[in-house]
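Chemist: Numbering (our numbering), first residue to last: 68 to 182.
Positions of the beta carbon are idealized from the N, C-alpha and C atoms, including for glycine.
Since the structure is predicted, the reported quantities are computational estimates derived from the model, not experimental observations.
1. For a test of the three-state rule: what should DSSP assign to residue 144, helix, strand or coil?
2. From 114, 126, 170 and 154, pick the residue whose C-alpha is nearest to that of residue 96; which is it?
3. Considering only C-alpha positions, which residue in the set 108, 127, 100 and 119 is nearest to residue 83?
4. Distance check for residue 175 and residue 135, CA to CA, integer angstroms please.
5. Tell me, which residues are paired with residue 103 by DSSP?
6. Going along the chain, which residues of its own chain have a beta-carbon closer than 6 Å to the beta-carbon of residue 144, five neighbours each way excluded?
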């Protein structure tokens, strides 16, 4: 990774602008399993408010990560899925998952060795 300080287009900053924040990566993670309705995402991410989930999904849709499909029926049915660009984030999420497992495991080992 070769990056010059002060460069306007830092790839890491660009990535974080798209997937940064508390909920976006979690939403993407759940959509990796396949399309989901809004209510399913709410159940899978119980700590996110309806307003925040709506906002995050709109931003992900705007950035080309998530596709929103509205079915013409009553009651309205809306499904969210990852676009090819969204699916391209899979290696990043897998790396985050693996790092999180190692970090958690290391914290438990350190805690147990102190006790």
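Modeler: On the basis of the coordinates in this document:
1. strand
2. 154
3. 127
4. 40 Å
5. 147
6. 138
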